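In mature numbering (1 follows the signal peptide of the UniProt record, and there is no 0), the protein residues as written are -28 to -1, 1 to 34. Structure, as structure tokens:
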């Protein structure tokens, strides 16, 4: 019988813990949202880094 490597034990425990949480993440419920586009209450806004110095902001109105 092979001895357990003590240095690898924390890594093995971490891997088992991550593997145990994967099914619960994969079965998360999908939520649906209704966006109010009438009357201008909703818009899409974005920002882009300009010359690694400042942010340029923009907005989609349609």
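Just so you know, even glycine gets a beta-carbon here, dropped at the ideal spot from N, CA and C. Note that the coordinates shown come from a computational prediction; the quantities given were computed from them, not determined experimentally.
- A distance below 7 Å between beta-carbons, with the five flanking residues on each side excluded, links residue 21 to the following residues of its chain, in chain order: 27.
- The alpha-carbon of residue 18 is positioned some 23 Å away from that of residue 3.
- Between the C-alpha atoms of residue 30 and residue -12 there is a straight-line separation of about 42 Å.
- Counting along the chain, the unbroken beta strand (DSSP E) around residue 28 starts and ends at 26 to 32.
- Distances from the alpha-carbon of residue 32 to those of 15, 23, 1 put 15 closest.
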